[in-house]
Amino acid sequence: MRSFPIAVTALLAAVDLVSAYPGMGQQMDELMSLKERQNTPELIGDLLTLADEELTPTGAAIKAILLNQAAGQDATSNVTLPVPPKGSAACAADTCCIWKHIADEMASAMVGSALRCNNLARAAIRLGFHDAGTWSKSTVGGGADGSAVLARECENRPSNNGLQNVCSQMRAWHQNYQVYGISMADLIQMGANVATVVCPLGPRVRTFVGRVDSSTPNPDGLLPGAFQSADELIAMFEDKTISPAALIALVGAHSTSQQRFVDQGRAGDPQDRTPGVWDVNFYDEIKSTSSPARVFKFQSDINLSVDPRTSGTWNAFMSPNGQRPWNGAYARAYVRLSLLGVNNINDLTECTKVLPPPITDGFPIPDEVEMGRFLQGPRNRQATDALLEGDLLPEFVENL
Ligand code: HEM
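Letter by letter, the sequence shown follows residues -20 to -1, 1 to 380 in mature numbering (1 follows the signal peptide of the UniProt record, and there is no 0).
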């Protein structure tokens, strides 16, 4: 470990602003070169062996994202309207067209009446991680290949507890759309990225299609647990080419989450005060000593928030200024995660334009009073269920 890890990790987080906001100027260029000196990001898949002149425009774009030279998010690209109907020759002529139909269907299933993202959305984000995260440099095979669903890892592995419903939903969507030539691997990663952007304040992560499916179970034991130490977690993610700073950005996905299986007696309890909202309150809450009763913290998140290799990045993502750097860092890290084990990166197609627009201008909590009562009170099933669905909290009676 270096003698100035906190400064470096905070710097790494700040540098992610460069690609989220490319006009930030010369200081950022200087920071970038310092970052490159400290920690050159690794390439993955076929990008490890292809020369620059062999890269397609998409291969070159992904390489730039992985090397911190381009943004991992894109808030503005859009499809040309009207979108041709499914099954039409015009739709078949554009690889992304069918994905626009799929993304719209996913988006409408992932938001509740409070406009928060719901259970299906959260599970879709976690599924994107669990399908891709079965890859490491030290093992053979695995990665973003659809096997979480196709090889029934969802149903057969305790590490995937809680993902069974989203896996059934992916099967149903695949059944409906496979006639158009889509892969399960892409469907899962599209689901994760639609889910992320429909969570209020979530980034619009750049989205690529063309992954190859596998029905062979991937290596087991490569996903993290809620009681692991920072040492174990940092080593596990570094073996996936994910740096400690990128790991801290990725675990911020717990900002939306409501655990069910770490403590079943507290099923539905959120990991911050604003479940279903992609905000940085999660980073604050994990370090807070005065969290409300209902906030449930994973020991793994606490461990990462205080470890000297990661606490600087953690602090950089806390409010009030953390949202932009976090979104930029998350998006870049998620592009990498979503391509682990993919060996045809150069042949992929970018379809970010099919994603819904991001909600960037703040998100006033629409049911603030009820949310306050829920957070401070004893467990309440009615309120928990509404929250899980992304719905407005009812004026509930306090019971169990
Ligand atoms: C240190 C690494 C990580 C650990 C130890 C961890 C652990 C967990 C655990 C124990 C749960 C609760 C499951 C339940 O009881 O229902 C959970 C939920 C979740 N995790 Fe992670 N996770 C990690 C990293 C990530 C990453 C990298 C992502 C995404 C990029 C992610 C996204 C999520 C989401 C969205 C949920 C909510 C799922 C739902 O509500 O159905 N996690 N995680």
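Ideal Cβ positions, reconstructed from N, Cα and C, are used throughout, including at glycine.
(request) Using a threshold of 8 Å, state whether the C-beta atoms of A83 and M170 are closer than that. (result) Along the sequence shown, one-based indexing puts residue 83 at 103. Along the sequence shown, one-based indexing puts residue 170 at 190. Yes, these two residues count as a Cβ contact at 8 Å.
(request) Would you kindly report the start and end of the unbroken alpha helix (DSSP H) that includes C76? (result) Here residue 76 corresponds to residue number 96 of the sequence shown, with the count starting at 1. Per DSSP, C76 belongs to the alpha helix (DSSP H) from 75 to 89.
(request) Consider the C-beta atom of L167 and the heavy atoms of the ligand HEM; say whether any pair is separated by less than 7 Å. (result) Sequence index remark: in the sequence shown, residue 167 carries index 187 (1-based). For the ligand HEM, not one heavy atom lies less than 7 Å from the Cβ of L167.
(message) Using only CA atoms, which one of S209, A152, V177 lies nearest to L167?
(response) The residue you call residue 167 lines up with position 187 of the sequence shown. Here the closest residue by C-alpha is A152.
(message) With H, G and I counted as helix, E and B as strand and the rest as coil, what does DSSP make of V178?
(response) Here residue 178 refers to the residue found at position 198 when the sequence shown is read from its first residue. Note: V178 maps to helix in three-state DSSP.
(message) Please report the distance separating the alpha-carbon of E48 from that of R312.
(response) In the sequence shown, the residue the question calls residue 48 occupies position 68. In the sequence shown, the residue the question calls residue 312 occupies position 332. Going by the sequence as given, residue 48 is Asn instead of Glu. Distance between the alpha carbons of N48 and R312: 8 Å.
(message) Just checking Q208 against the ligand HEM - is the residue's beta carbon closer than 7 Å to any of the ligand's heavy atoms?
(response) Your numbering for residue 208 matches position 228 in the sequence shown. Yes, the Cβ of Q208 comes within 7 Å of a heavy atom of the ligand HEM.
(request) For P204, verify whether its CB is less than 7 Å away from any heavy atom of the ligand SAM. (result) The ligand content of the structure shown is limited to the ligand HEM, which means the ligand SAM is not among them.
(message) Excluding the 5 residues flanking T196 on each side, which residues of the same chain have their C-beta closer than 8 Å to its C-beta?
(response) On the sequence shown, position 216 is the one that residue 196 refers to. Excluding sequence neighbours, T196 sits near G121, S127, A131.
(request) Using alpha carbons as the reference points, say which of P255, D264, C147, H154 lies closest to V286. (result) Here the question's residue 286 lines up with position 306 in the sequence shown. In terms of CA proximity to V286, D264 leads the group P255, D264, C147, H154.
(request) Give the single residue among A50, S299, V242 whose Cα lies nearest to the Cα of P21. (result) Within the sequence shown, residue 21 is the residue found at index 41, counting from 1. Answer by Cα proximity: A50.
(message) For the ligand HEM, I want to know if L230 counts as a neighbour, meaning its beta carbon is within less than 7 Å of at least one of the ligand's heavy atoms.
(response) Counting from 1 along the sequence shown, the entry for residue 230 is found at position 250. Answer for L230: yes, Cβ within range of the ligand HEM.
(message) Can you check which of these residues, K333, N99, G357, Q144, is closest to S235 by C-alpha distance?
(response) The residue labelled residue 235 in the question sits at position 255 within the sequence shown. The shortest C-alpha separation from S235 is found at N99.
(request) Count the other CB atoms, across all protein chains shown, that sit within 10 Å of the CB of V159; report buried if there are 16 or more and exposed otherwise. (result) One-based indexing of the sequence shown puts residue 159 at position 179. V159 should be labelled exposed.
(request) Report the residue from L335, Q149, L61 whose alpha carbon sits nearest the alpha carbon of A104. (result) Working through the sequence shown from its first residue, we reach residue 104 at position 124. Here the closest residue by C-alpha is Q149.
(request) Verify whether the separation of the beta carbon atoms of L27 and I42 is less than 8 Å. (result) Within the sequence shown, numbered from 1, the residue matching residue 27 stands at position 47. Within the sequence shown, numbered from 1, the residue matching residue 42 stands at position 62. Cβ distance < 8 Å, so L27 and I42 count as in contact.
(request) Helix, strand or coil for C97, going by three-state DSSP, please let me know. (result) Within the sequence shown, residue 97 is the residue found at index 117, counting from 1. Of the three classes helix, strand and coil, the one that applies to C97 here is strand, per DSSP.
(message) Between the alpha carbons of Q279 and R191, how many angstroms are there, rounded?
(response) To locate residue 279, count along the sequence shown from 1; it is residue 299. To locate residue 191, count along the sequence shown from 1; it is residue 211. Cα-Cα distance, rounded: 34 Å.
(request) Counting only the same chain and skipping the five closest in sequence on each side, list residues whose C-beta sits under 6 Å from that of T332. (result) Taking the sequence shown and counting its residues from 1, the one referred to as residue 332 is at position 352. Closer than 6 Å at Cβ, skipping near neighbours: D54, S57, R186, T187.
(message) Going by DSSP in three states, E22 sits in which element: helix, strand or coil?
(response) Residue 22 sits at position 42 when you count from the first residue of the sequence shown. The answer is coil: DSSP assigns E22 none of H, G, I, E or B.
(message) Can you give me the C-alpha to C-alpha distance between R353 and P346, rounded to a whole angstrom?
(response) Position 373 of the sequence shown, counting from 1, holds the residue named residue 353. Position 366 of the sequence shown, counting from 1, holds the residue named residue 346. Linking R353 to P346 through their CA atoms gives a straight-line distance of about 14 Å.
(request) Could you check the C-alpha separation between A172 and V91 for me, to the nearest Å? (result) Here residue 172 corresponds to residue number 192 of the sequence shown, with the count starting at 1. Here residue 91 corresponds to residue number 111 of the sequence shown, with the count starting at 1. Rounded to whole angstroms, A172 to V91 spans 13 Å at the Cα level.
(message) Taking DSSP's pairing of strands, which residues face P250 in a bridge?
(response) Taking the sequence shown and counting its residues from 1, one reaches residue 250 at position 270. P250 pairs with Q238.
(message) Classify N141: buried if its beta carbon has 16 or more other beta carbons within 10 angstroms, exposed otherwise.
(response) Numbered from its first residue, the sequence shown carries residue 141 at position 161. It counts as exposed.
(request) Would you tell me roughly how many angstroms separate the C-alpha atoms of F297 and N307, rounded to the nearest one? (result) Here the question's residue 297 lines up with position 317 in the sequence shown. Here the question's residue 307 lines up with position 327 in the sequence shown. Looking at the two C-alpha atoms, the distance is approximately 9 Å.
(message) Let me check one thing: in DSSP terms, what residues is Q144 bridge-paired to?
(response) As a first step, residue 144 must be located in the sequence shown, where it is residue number 164. In the DSSP output, where bridge partners are listed per residue, Q144 has none listed.
(request) Taking 8 Å as the cut-off, decide whether the C-beta atoms of A101 and V178 are in contact. (result) By 1-based counting over the sequence shown, the position of residue 101 is 121. By 1-based counting over the sequence shown, the position of residue 178 is 198. Cβ atoms of A101 and V178: closer than 8 Å.
(request) Check whether the Cβ of A233 sits closer than 7 Å to any heavy atom of the ligand HEM, and report yes or no. (result) Reading the sequence shown from its first residue, position 253 is the one you call residue 233. Short note on A233: C-beta closer than 7 Å to some heavy atom of the ligand HEM.
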